[in-house]
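In our numbering, the protein residues as written are -4 to 95.
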C-alpha cells in the first residue's frame, strides 16, 4: 500500500510507542518525583516500581522504613499528585525488597 507523506510528529510518536520509550520516560519521571517527595535520606533506601491502575509500587530496604512511609503516605500522595498530575496516582503500595 502506498501512503502519502506523514507528519514527522506522528512518525516519531509511532516509533516511540513501538520501542517502549514512553514507558522508560514515565519510569524516570516517577523516580524523579519520588526523590523529590521523600527527600534524600529516604530516597537512598527506596525506589519506585511499576504503576498499575493508579497504584504506585515502592520497594523499600527494610520494614522499619515501610512503617515510616505508611505514616507519611497521605503527604506523599499529595506531593506526587502535584508533581505528576497526569499519572493519577491514587495509592502507594510498599514492599520490602532489594534496592539497587
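Ideal Cβ positions, reconstructed from N, Cα and C, are used throughout, including at glycine.
So, using beta-carbon positions, are residue 49 and residue 83 closer together than 8 Å?
-> yes
Can the beta-carbon of residue 87 be found less than 8 Å from the beta-carbon of residue 37?
-> no
With distances taken from CA atoms, which of 91, 92, 25, -1 is nearest residue 128?
-> What is shown of the chain runs -4 to 95, which leaves residue 128 out entirely.
Helix, strand or coil: which one does DSSP assign to residue 44?
-> strand
In angstroms, rounded to a whole number, what distance separates the CA positions of residue 46 and residue 21?
-> 9 Å
List the DSSP bridge partners of residue 89.
-> 53
Where residue 4 falls: helix, strand or coil (DSSP) | helix
When you compare only the Cα positions, how much space is there between residue 90 and residue 78?
-> 23 Å
8 Å Cβ shell around residue 59 - same chain, five flanking residues per side excluded = none
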